[in-house]
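Number of protein chains: 8
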Amino acid sequence: MQSRDVLEKVKSGELSIDEALAFFKKRSFEEMEFAKPDTQRELRTGFAEVVFCQGKPDEYLVSIYKKMIEETGEVFGTRASEQQYELVKKEIPGITYDPVSKILKYEETGKIRTGNIVVCTAGTADIPVAEEAACTAEFFGSNVNRIFDVGVAGIHRLFSKMDSIQKAYCVVAVAGMEGALASVISGMVSVPVVAVPTSVGYGASFGGLSALLTMINSCANGIATVNIDNGFGAGYIATQINRLACGTER
Amino acid sequence: MQSRDVLEKVKSGELSIDEALAFFKKRSFEEMEFAKPDTQRELRTGFAEVVFCQGKPDEYLVSIYKKMIEETGEVFGTRASEQQYELVKKEIPGITYDPVSKILKYEETGKIRTGNIVVCTAGTADIPVAEEAACTAEFFGSNVNRIFDVGVAGIHRLFSKMDSIQKAYCVVAVAGMEGALASVISGMVSVPVVAVPTSVGYGASFGGLSALLTMINSCANGIATVNIDNGFGAGYIATQINRLACGTER
Amino acid sequence: MQSRDVLEKVKSGELSIDEALAFFKKRSFEEMEFAKPDTQRELRTGFAEVVFCQGKPDEYLVSIYKKMIEETGEVFGTRASEQQYELVKKEIPGITYDPVSKILKYEETGKIRTGNIVVCTAGTADIPVAEEAACTAEFFGSNVNRIFDVGVAGIHRLFSKMDSIQKAYCVVAVAGMEGALASVISGMVSVPVVAVPTSVGYGASFGGLSALLTMINSCANGIATVNIDNGFGAGYIATQINRLACGTER
Amino acid sequence: MQSRDVLEKVKSGELSIDEALAFFKKRSFEEMEFAKPDTQRELRTGFAEVVFCQGKPDEYLVSIYKKMIEETGEVFGTRASEQQYELVKKEIPGITYDPVSKILKYEETGKIRTGNIVVCTAGTADIPVAEEAACTAEFFGSNVNRIFDVGVAGIHRLFSKMDSIQKAYCVVAVAGMEGALASVISGMVSVPVVAVPTSVGYGASFGGLSALLTMINSCANGIATVNIDNGFGAGYIATQINRLACGTER
Amino acid sequence: MQSRDVLEKVKSGELSIDEALAFFKKRSFEEMEFAKPDTQRELRTGFAEVVFCQGKPDEYLVSIYKKMIEETGEVFGTRASEQQYELVKKEIPGITYDPVSKILKYEETGKIRTGNIVVCTAGTADIPVAEEAACTAEFFGSNVNRIFDVGVAGIHRLFSKMDSIQKAYCVVAVAGMEGALASVISGMVSVPVVAVPTSVGYGASFGGLSALLTMINSCANGIATVNIDNGFGAGYIATQINRLACGTER
Amino acid sequence: MQSRDVLEKVKSGELSIDEALAFFKKRSFEEMEFAKPDTQRELRTGFAEVVFCQGKPDEYLVSIYKKMIEETGEVFGTRASEQQYELVKKEIPGITYDPVSKILKYEETGKIRTGNIVVCTAGTADIPVAEEAACTAEFFGSNVNRIFDVGVAGIHRLFSKMDSIQKAYCVVAVAGMEGALASVISGMVSVPVVAVPTSVGYGASFGGLSALLTMINSCANGIATVNIDNGFGAGYIATQINRLACGTER
Amino acid sequence: MQSRDVLEKVKSGELSIDEALAFFKKRSFEEMEFAKPDTQRELRTGFAEVVFCQGKPDEYLVSIYKKMIEETGEVFGTRASEQQYELVKKEIPGITYDPVSKILKYEETGKIRTGNIVVCTAGTADIPVAEEAACTAEFFGSNVNRIFDVGVAGIHRLFSKMDSIQKAYCVVAVAGMEGALASVISGMVSVPVVAVPTSVGYGASFGGLSALLTMINSCANGIATVNIDNGFGAGYIATQINRLACGTER
Amino acid sequence: MQSRDVLEKVKSGELSIDEALAFFKKRSFEEMEFAKPDTQRELRTGFAEVVFCQGKPDEYLVSIYKKMIEETGEVFGTRASEQQYELVKKEIPGITYDPVSKILKYEETGKIRTGNIVVCTAGTADIPVAEEAACTAEFFGSNVNRIFDVGVAGIHRLFSKMDSIQKAYCVVAVAGMEGALASVISGMVSVPVVAVPTSVGYGASFGGLSALLTMINSCANGIATVNIDNGFGAGYIATQINRLACGTER
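Protein chains in written order, with the numbering used here: chain A, 290 to 539; chain B, 290 to 539; chain C, 290 to 539; chain D, 290 to 539; chain E, 290 to 539; chain F, 290 to 539; chain G, 290 to 539; chain H, 290 to 539.
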């Protein structure tokens, strides 16, 4: 429906003014004192808004969690601390916290998962970032297969899992240090590889810059990269791809 | 079929030694003097090997082009110069060259395209990179919708095209300077945005680093980034996503 | 009055030697043991000197605050800690402290504000920097309109406020991560946009460098940028512009 | 006028559909094959669109210049080469070119200039960037006072011009190498200083990065910075400020 | 005396073997378990070895302090903590500690100072680095004139001290943030300016990198730069210059 | 033995299926919940897998240590903290810890060492990294000669040890700050110099980047560089070289 | 023989003065107008001095080549241009030039090569750097096995050559772009891997910085890295290792 | 004489108004169209102004050269090209040009030189920068001793010249690549070392950044650093030191 049609219909009375207003307003949000939660984001992008807990003042965090459960029945927060968990639990007893991924969430039961995303890590120290990716993808409805500690220093470990990896609709490759894992995987699969550099490393790894540059400069094709330690972002885009592959885009 | 099965079958005679060898060899290539063209790459990844023309010595370039046409009936090369076109044309008269995307290719006729990829640019100077992405996606079987010059300095131009953009299975956002285009788009679509920073800019753009950092640090979700000016890489991964969405993965 | 005139008048007796000395001395300061407070700065630039509290030794801080109130009746300090507030309060009971902006000030009552500065943030985490800008502008006599959490990931929130934004004489755009907010705003207003990158972000945001580069490289016009997290500097220059627009330059 | 009002008036017939469409469309542009010239930019921002000539293909450049003169009677382009001048002159004989600022323009006669912008440079090598700023400001209606070669290595030259500098509504400080000029000036004036780092320098100046960092980190207040060598951007924002000061905002 | 001469004299008996050995050995040191204190450094360079206290294990620090007093009657250490002072004081009651410069030393009484070094700072936060420079120069026999808080944001303060500055044999200019002080001073004096960037600043000062680049790229002549926060290094080289000027090189 | 041979022998019964499987599997690892210890690494590379203790969760660390002793009779861990030592000691009383090198190991008695590796440091602050290198080399069977505190500021100390240095099969040069030690040594020996930049330094040393660049850019030949503070990596490769020189490669 | 012994013997007449002088002089060079060729370098390090041709003025180059052949019968120069070859050939007809490695040399016939160095490249564009390494190693007496175009994007090509690679005493891994090749190889061999980053790549490869950081941060052990494009340096250190392994150190 | 005295004397008639004006004006310059030559710089700093020829437009260059000879009888320009020499020679036949240092000058005959500056280089490629330093120092009246090609890869060459080096009042150390020369020298002399990093190098030397960081981070004392390739700056400050040592400061 084009703008002219809307207006024609308003003139003719086919459309009420409120319906037309909704059309032009299109997207909206809820005005709060300190924030503008994008409550209709799910309609627009297919994903509910997510809370980045790190650094949020206590009172803000609790009221946001309460409001989001109230409105959508669920809430999903990343980078939450143990202390934030204790705090929120007092108000929302059913909340759950995973100390590895640092995800603090309240999730409906009986949700169905589809498709197949593989999340790989180069080492064990990359697991927290990988779990953030995996849990994000699962919350948004994807099946996830975790394959950890398959870095290139002992590449036979990776090859022993190649059959599983080749079954995915999307592979998330999580690696710090020199980050070579993504290049090796993407040379062997036909689906997109979402590369996540991590800040694991020391010396000239410069907080993950080394792995980021490696992934951006990959000689292999079919790789795209997200920010350092951004497991959430990788789980999100992997879910978008998985949904497209399953025909469950929305 | 697992390795043990193969061996059981060899023992029992169900499988010939040559069949078994092929199983273990799995992947292969052709040994040349100066290179090892990965002629079975299409079987493995769903994409034929592509030629990066820039800097290739003349005799290498011509012989590679001839061999690839011989073996697959097609050849697709990026970053080719006018001079390289003239050179190859002498040997392969049917070769075609596009001076904007710098793609030098020989393509079968009657190929079918599926799905829907949108390629956007912020400015007109980003078009060469965008065309490399678009032509790559088309060569590998995707429908492409080009929407150019919709940068955020005049954001109404972008919004006027939003309906088209929202119909894509994947959006490729190509931008130099501050590279904000990708963030704005990915806040409005439900599908993955492949961000391509370009080296367009001056001063503190540092050859595209500024746009790269913008895209990697995007506050919006559903973005993953490829290398600066890497239109080919973006067209490749967009095609992978498009194929998954169309169920034509391979 | 030119130098020659001054000297002519000294010779003729029209001007006393002390008046002439004042002319040549022009600008001055007060010599203290550890610092040279620029007590005549208000005459020269239209702004009283401001105290950067962070890292100041306790005894220095208290004596500077006391001296400035004594001389000008007011004092305005940035980046003060809770502890510094407690310390100064003992000596100056009327002092006020805002834990968000971290501003510690003693302000005359009944001051008049003029004009219209809009201060926007991309997210809620950018609010402390924005409040530093807003409070600075207010202290120096500007009306300020705060519009927070209107980042480009949900750009409809920004557009819903565009009417207010377009009424400003100057817009301060505060954003971390990829910092795209300033570009989008400046494409839609006819007044200067002062861009403030913040250190909000993680991974490849490199303490605000990413947002800084974005703002410096903006494809839109009418943007100039201050240092990372420098809310004070933005509020200062916005006030200069606001004063010029109101004809209250000094 | 709010959206609801527009719709009420459409319903009642007070507003034609076309008037309402115009309201909602708000901003527009002209669709060309290779670009979307933002022809209504002057209405929106108070400045006509400007052509960045560098790197534009010949045929594009000429057709853009012709179209813009056709529509607005004027055209203003930056970073034009001698060759581009020769090319455009064939089609538009009245075009003028300044080899220092590299500005290629067609300007109406009898335009009135208002206000007072001072453009300073540290050295003679910074003059091309300064001229780009000055000519931009003049084209858009500002009076400009040029004060060149007053860098801090011989600071008495700067002080001899301080009276003129202090009369400006806005000062543009253009400097390469260590870029200290902006700090010194802004300590002495009550109006905004727009700092322009230049790529003049060698060794560790890293193409202007050194001057950029100096200006961003200035210990003085009332400075905001634009991109390296971005004289146009400085002239643009200085004009915005000058217009506000003169009450000729639009 | 050349090597051949030495050998001729050994042969002839003019020189004892031990004297000849000393000739060839030339320079020496004392072997300890964990270090090789360069006890003859004063003979070679005119300066006794100095202790960098920061990070030294407690037992090492005490034994080095004791050994050096034993051998030379003095000891001079930089970057000492309050705790290290308490520790050393137990063994060496006469030791003195300055909490601003963080210098922990035992110095002979009645030492004579010569010449004239001026140490300037841009702000009060630069004073600790400046004091390290000043105390170093004094320990090694230079007269020092401290002129603090004369940064370019209020440049009249600097000019009011210019007479004193112009009397120095060497000026040490200590500044953080944008570090412009060194350039301004060196344009006004005929003697070397040793520039010391400090880590004072925030945002894009990157721990002093901004000030370092400013000083290295200075448009003024007669500046050379030492490491960020390296007050000791500046005091050392200023002393070398001061000694040369006084004819007291050694 | 080629693949075909293996298969021929399986067919003929000369080789059991399990033997053949082992051939194709070639390399292997042990699947654990959180990691894939590469237990056959010694067979493949001649070095048992080493534990990077830093950041390992307590329960993981203890179980890994126990499993490795169980399987190989030894375990060698780097970057262990005092606390980790206390923890592991409770389960494995015979474990030993060196607070300088931070190595936590259980080593068989009576191991033989061969060859000659020299480990040099520029200063005493570089000793922890050097000890990590030396202890690694000793654990893997190399004789090590430690020569510490021979930096270029007092180069006679280095020359006094040159005879010892020239006897090595490989020299490890450990230096922070400007890292010049490696260049000087490699100009004087005929064997490889493994350069280890350290994070010792301040200001513009940028956490070891300065020393790393120095070593990578060395004008001398026969230098190769490992990561900043990577004593382990240097000790490892020095052992590889030492083994080759002794004919004890494996 | 210690210094004292030498002197004792001079005294006793056992040693002539000239012999003693030679002892103390130890190492020497030849004084020329513009250079100090290190003609005794072969005695000291086991390698004759090599000429870095790039940028050498014509007359210097020719006279150096002539002098070195005169003195040692051989000369070996790197980074020579076609033009330099033509120039030198006029004076030294027997000189040979390889346009791939850019090596310009005069070599004795019948030299024997020992040992086994493998030189691998990731792509064909890395071959010039690899050839510089290989030719250097061959000139200094090593057998070299070239294995090119085995990058990780098609890792089966690398594995098909693993048997050859595992036979080397030292592997040189040459790679640009993301440089992952070195990590993969060093996980599979027991000998040192000398990693050579190349400037092959584009965008965020930053002239080889990306590959350099990858190699420095490798998660695998037994890697040390030389400068970007420094094939010569890699060939040199590989030869040192090969000599040690063959017992032909000198 | 203080300002008050001047004024008292004006009042009493002791001082004419013009004399007083001169006092307050103090420093001056000559206003030209495109520049403000600092013609009294010699009075202020002891050095006449120098022309940075690189990039100067032809007509400017010639008129500046003519004006400076006219006023001071001499002119000294750096970074002049062969073409600029030809150009200037037409107008000023007595001009001389040195293609190595790229200095274009007209110098009075019979000037006296004093003192002793040593200028060292690491390699022959550093000579142009060293010559710029040496010629600058000579033009301003210093004796210079050139010692070239004494880099640390063959450190015996440096030691053979140590006697000469130790006789200097100031040493200029010029080095590219890893720039270790300055550290080694300053450990052996008692006078200041002015370090000049050069852009000589390749790969990770990043245009001289590597050498700059080395020199700034030197573990030795008595080093201060100028910009990359800034031979002029080094010669200038070395002359300042040399003059102080000779008592010929001005």
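Backbone N, C-alpha and C fix where the C-beta goes; we use that ideal spot for every residue, glycine too.
Rounded to the nearest angstrom, the gap between the Cα atoms of B:Ile530 and C:Glu371 is 52 Å. A contact is defined here as three or more CB-CB pairs under 8 Å, and the stretch 441 to 452 of chain E meets this definition with respect to the stretch 472 to 487 of chain D. Not a single C-beta of chain A is nearer than 8 Å to the C-beta of D:Glu308. The three-state secondary structure of C:Thr425, taken from DSSP, is helix. If you check the CB distance, A:Asn516 and G:Gly490 do not come in under 8 Å.
Using a Cβ-Cβ cut-off of 8 Å, F:Thr514 counts as an interface residue toward chain G, since at least one Cβ of chain G sits closer than that to its own.
If you look at E:Tyr374, you'll find it in the alpha helix (DSSP H) that goes Glu371 to Glu380. The stretch 402 to 420 of chain B and the stretch 358 to 374 of chain B do not touch, with fewer than 3 CB-CB distances between them shorter than 8 Å. Judged by beta-carbon spacing, F:Ser390 lies beyond the 8 Å limit of F:Thr528, meaning their Cβ atoms are not closer than that value.
Between the stretch 447 to 458 of chain F and the stretch 376 to 396 of chain F there are fewer than three inter-stretch CB-CB distances shorter than 8 Å, so the stretches are not counted as touching. Put simply, of B:Lys356, B:Ala426 and B:Thr334 the residue whose alpha carbon is nearest the alpha carbon of B:Val377 is B:Lys356. If you check the CB distance, A:Thr410 and A:Phe437 come in under 8 Å. Using a CB distance cut-off of 8 Å, D:Gly511 does not count as an interface residue toward chain H. Bridge partners of F:Ala513 according to DSSP: F:Val483. Counting only runs of 4+ residues, the alpha helix (DSSP H) found wholly inside the stretch 428 to 472 of chain A occupies 445 to 448 and 451 to 455, in chain order. At a Cβ-Cβ threshold of 8 Å, F:Thr334 and G:Val408 do not count as neighbours. Taking the beta carbon of E:Gly344 as reference, the chain F residues within 9 Å of it are Ala414 and Val489, listed in sequence order. The shortest C-alpha to C-alpha distance from A:Ala509 to any of B:Ala509, B:Ala523, B:Leu501 and B:Gly496 is the one to B:Ala523. Excluding residues up to 5 positions away in sequence, Val478 lie with their Cβ nearer than 6 Å to the Cβ of H:Gln455 in the same chain. DSSP places H:Cys535 inside the alpha helix (DSSP H), whose first and last residues are Gly520 to Cys535. The Cβ atoms of H:Ala464 and H:Asp518 do not sit closer than 8 Å to each other.
By the CB criterion at 8 Å, F:Val339 and F:Ile353 fall outside the cutoff. Going by beta carbons, H:Val439 and H:Val461 fall outside the 8 Å limit. Within chain A, no C-beta atom comes less than 9 Å from the C-beta of D:Glu303; the nearest is roughly 11 Å away. Sixteen is the threshold: when 16 or more other Cβ atoms of the shown chains lie within 10 Å of the Cβ of G:Gly511, as they do, the residue is buried.
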